[in-house]
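Residue numbers (numbering that gives the first Met the number 0), protein chains in the order written: chain D, 0 to 239; chain H, 0 to 290. Glycine residues also receive a C-beta, built at the ideal position from the N, C-alpha and C atoms. One structure is given below, encoded as structure tokens.
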Amino acid sequence: MNNIIEISGLNVMHGDLRALADVSMNIESGKIVSIIGANGAGKSTLLNTIMGVHAPAAGAIRFEGRDITKMRTSKIASLGLAMTPEGSRVFADMSVMENLLMGAYLPGAKKAKAGQLEKVYDMFPVLKEKSAQLASFLSGGQRQMLSIARAIMMNPKVIICDEISLGLAPVIIHDIYAKVKELNAEGITFLLVEQEIKRSLRHADYSYVMVKGRVVMEGKSSGLSREAVSDAYFGINQFA
Amino acid sequence: MLETLPQAIVTGVLLGGLYAIIGIGMSLIFGIMKLTNIAHGDIMILGTFLTMHITQSLTGNPIIGLLLTIAIMLAFAFAIQNFLINKVITKGAEPALLVTFGLSIIISNALFLVFGANTHTIPSTLVTTNLIRTAHVSVSMMYAVSFIVAVAVIVALSLVMNRTSFGRAIRAASSDTVMSELLGINTKHMYIFAMMLTVVTASIAGMLVGMTFPFYPTTGTQYLIIAFGVVVIGGMGSLLGTLVGGIILGLAQLVGANLIGATYQQLIGFIVLLVILAVRPQGLLSKAARK
Chain D
0 MNNIIEISGL NVMHGDLRAL ADVSMNIESG KIVSIIGANG AGKSTLLNTI MGVHAPAAGA
60 IRFEGRDITK MRTSKIASLG LAMTPEGSRV FADMSVMENL LMGAYLPGAK KAKAGQLEKV
120 YDMFPVLKEK SAQLASFLSG GQRQMLSIAR AIMMNPKVII CDEISLGLAP VIIHDIYAKV
180 KELNAEGITF LLVEQEIKRS LRHADYSYVM VKGRVVMEGK SSGLSREAVS DAYFGINQFA
Chain H
0 MLETLPQAIV TGVLLGGLYA IIGIGMSLIF GIMKLTNIAH GDIMILGTFL TMHITQSLTG
60 NPIIGLLLTI AIMLAFAFAI QNFLINKVIT KGAEPALLVT FGLSIIISNA LFLVFGANTH
120 TIPSTLVTTN LIRTAHVSVS MMYAVSFIVA VAVIVALSLV MNRTSFGRAI RAASSDTVMS
180 ELLGINTKHM YIFAMMLTVV TASIAGMLVG MTFPFYPTTG TQYLIIAFGV VVIGGMGSLL
240 GTLVGGIILG LAQLVGANLI GATYQQLIGF IVLLVILAVR PQGLLSKAAR K
């Protein structure tokens with residue numbers, strides 16, 4: 000098995016509170032992996048720790064075998080890890096085009112800029128239509144598309160998505176997941192955070208279930224039943 | 000008084016250009032790092048002294064003096080940003096502000112040690128030349144050059160900020176540091192570049208100030224207050240606002256002095272500043288009201 004990201008024994012503290020407790024995960028290259036969990040399960044903390052936004056108290060994170068645990072976020076990004084954070088975080092006072100160009104900031108991405116721009120405009124025609132408009136004029140779904148498109152501009156090996164479907168209409172969610180599949184077919188590994196069990200199991204190759212900062216269940220999505228995940232999700236098995 | 004009013008207006012506008020280039024570095028640093036740089040005036044006067052000293056000891060050509068000054072100031076900017084301000088900027092605005100306060104004291108005392116308390120000038124023929132001279136209005140070449148240089152610097156800076164990948168990265172870093180890092184932008188490096196841009200503008204401003212007015216090691220504070228006035232009137236972080244702010248402050252001072260009396264020049268400038276603060280606290284050209 001070829002793991003692109005390996006997380007072992009990760010502990011993260013938010014002040015006195017333990018946000019992650021002994022989390023270990025292996026993300027296989029070329030797959031779509033999802034993390035399922037309720038609010039406060041530690042999903043966002045985990046993603047932010049992978050990207051170096053939070054520093055772990057203990058544990059290690061490896062990317063392509065290289066230790067990135069204490070690396071600066073911008074350095075981690077330069078290795079080929081892109082993240083679409085919760086709430087899209089597009090630059091509201093920049094145009095759609097400028098936001099996309101921000102994705103092509105790193106030297107490697109800058110070289111591939113023209114081709115990548117054509118690619119994301121092909122995938123998201125609405126962004127091409129609005130390329131000269133300020134990102135603050137976009138709808139929530141369009142911002143999410145811009146956030147993903149900006150990540151694609153980075154020409155990454157892995158895209159980490161924090162709740163890309165949050166607050167979006169089902170039609171748009173369907174559309175966004177179709178793009179994820181498309182990009183995955185081209186070889187990009189995805190690590191997704193999801194709140195909805197059904198959607199997660201349908202789209203991901205492999206799923207982890209997190210409760211209160213711990214991984215309580217994992218497996219191939221095809222082998223996990225919705226009921227079992229649901230029980231774990233709501234913590235029922237803890238009392239069984 | 001009325002017959003001298005046109006002169007006051009012309010000089011006020013031109014002086015405003017000089018004020019704008021004094022304030023622009025302060026505006027940049029605030030816009031990008033949300034840092035009020037208390038040392039801004041002293042950094043500028045450091046540039047003035049360096050330009051004076053290098054010009055005197057070398058060719059006598061102030062442009063060469065300025066270029067060498069900029070080279071030294073770039074190294075200085077790297078040092079203070081990398082080794083001092085960047086170490087504390089993540090801990091909030093106050094620690095960094097205190098660092099610049101300390102820098103201000105260190106710079107003015109170091110200048111005092113090296114150059115003594117005497118008043119200095121950078122001699123220039125621009126001061127004694129007139130661009131235009133009529134019965135009612137004369138335009139000093141020095142003021143005209145300051146104004147033109149200020150406009151040129153502001154236009155150049157806005158082009159860099161709006162049209163280049165480097166400028167976009169600086170803007171990104173100033174609006175969302177975490178997102179910028181996720182895109183591969185090292186925000187601490189961006190802060191260093193911003194400080195470097197700032198000292199370039201401060202060095203240019205310093206030379207113009209040194210040619211226009213006498214200066215001494217503690218003059219920096221006086222220009223810090225002017226820079227404050229300019230960026231508060233124009234809107235912190237707005238480049239065009241800096242020019243507008245400079246012109247309003249310059250006009251207020253000179254027209255006020257003309258109508259009420261020269262002794263009130265500074266006071267009137269700052270009364271206008273207070274009125275604008277009361278009516279539009281975010282500044283005239285600021286993009287949005289700050290919380």
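Any C-beta of chain B under 7 Å from that of residue i
i              : result
M209 (chain D) : Note that chain B does not occur in the displayed structure, where the protein chains are D and H.
DSSP bridge partner residues for residue i (one or two, in chain order)
i              : result
S94 (chain D)  : D:L133
S137 (chain H) : H:R132
G36 (chain D)  : D:M209
N2 (chain D)   : D:E27
Beta-carbon proximity of residue i to residue j, cut-off 7 Å
i              : j              : result
G24 (chain H)  : A155 (chain H) : no
Y207 (chain D) : K219 (chain D) : no
G234 (chain H) : G240 (chain H) : yes
A226 (chain H) : G16 (chain H)  : no
L242 (chain H) : H39 (chain H)  : no
L190 (chain D) : I26 (chain D)  : yes
T10 (chain H)  : L253 (chain H) : yes
I175 (chain D) : I163 (chain D) : yes
I184 (chain H) : S73 (chain D)  : yes
A108 (chain D) : N154 (chain D) : yes
P55 (chain D)  : L16 (chain D)  : no
A203 (chain D) : V52 (chain D)  : no
P61 (chain H)  : I121 (chain H) : yes
I275 (chain H) : V12 (chain H)  : no
A171 (chain H) : F90 (chain D)  : yes
A59 (chain D)  : S23 (chain D)  : no
G46 (chain H)  : M72 (chain H)  : yes
A20 (chain D)  : R213 (chain D) : yes
V293 (chain D) : S135 (chain D) : The structure shown has nothing for residue 293 (chain D), since chain D only spans 0 to 239.
T176 (chain H) : T186 (chain H) : yes
G244 (chain H) : G30 (chain H)  : no
G311 (chain H) : I267 (chain H) : There is simply no residue 311 (chain H) to check, as chain H begins at 0 and stops at 290 in what is shown.
V199 (chain H) : S26 (chain H)  : no
Three-state secondary structure (DSSP) of residue i
i              : result
H10 (chain D)  : According to the sequence shown, residue 10 (chain D) is Asn rather than His. N10 (chain D) falls in the strand class under three-state DSSP.
F212 (chain H) : coil
K30 (chain D)  : coil
A18 (chain D)  : strand
D66 (chain D)  : strand
M24 (chain D)  : strand
R289 (chain H) : Below a pLDDT of 50, predicted positions are generally treated as unreliable, and R289 (chain H), at 38, falls in that range; the measurement from the model is reported next regardless. Three-state result, R289 (chain H): coil.
N47 (chain D)  : helix
L105 (chain D) : coil
G59 (chain H)  : coil
S242 (chain D) : Since the first and last residues shown for chain D are 0 and 239, residue 242 (chain D) lies out of range.
S87 (chain D)  : coil
L1 (chain H)   : helix
A239 (chain D) : Model confidence at A239 (chain D) stands at a pLDDT of 40, short of 50, so the residue's coordinates are unreliable; what they give is reported in the following sentence. The answer is coil: DSSP assigns A239 (chain D) none of H, G, I, E or B.
N36 (chain H)  : coil
V52 (chain D)  : coil
G205 (chain H) : helix
S138 (chain D) : coil
Terminal residues of the alpha helix (DSSP H) in which residue i lies
i              : result
E128 (chain D) : P124 to E128
L45 (chain H)  : H39 to S56
F227 (chain H) : G219 to G233
Y291 (chain H) : Past the edges of chain H, shown from 0 to 290, lies residue 291 (chain H), and the structure says nothing about it.
F165 (chain H) : S164 to S174
N185 (chain H) : That residue, N185 (chain H), is in no alpha helix (DSSP H); it is neither H nor E in DSSP.
R225 (chain D) : R225 to Y232
Residue i: first and last residue of the uninterrupted beta strand (DSSP E) it sits in
i              : result
V262 (chain D) : Residue 262 (chain D) is absent from the model: chain D starts at 0 and stops at 239.
G58 (chain D)  : A57 to F62
M82 (chain D)  : L80 to T83
Contained alpha helix (DSSP H) runs [length at least 4] in the segment 76-138 of chain H, N- to C-terminal order:
For the segment 76-138 of chain H, the continuous alpha helix (DSSP H) assignments of 4+ residues that do not extend past its boundaries occur at 92-114, in sequence order.
What are the uninterrupted segments assigned as alpha helix (DSSP H) that are 4 or more residues long and contained completely in the segment 141-223 of chain D, given in chain order?
DSSP runs (the alpha helix (DSSP H)) wholly in the segment 141-223 of chain D: 169-184 and 196-202.
At 4 residues or longer, and completely inside the segment 237-284 of chain H: list those alpha helix (DSSP H) runs for me, N to C.
Every alpha helix (DSSP H) of 4 residues or more that sits fully in the segment 237-284 of chain H is shown, in chain order, as 238-259 and 264-278.
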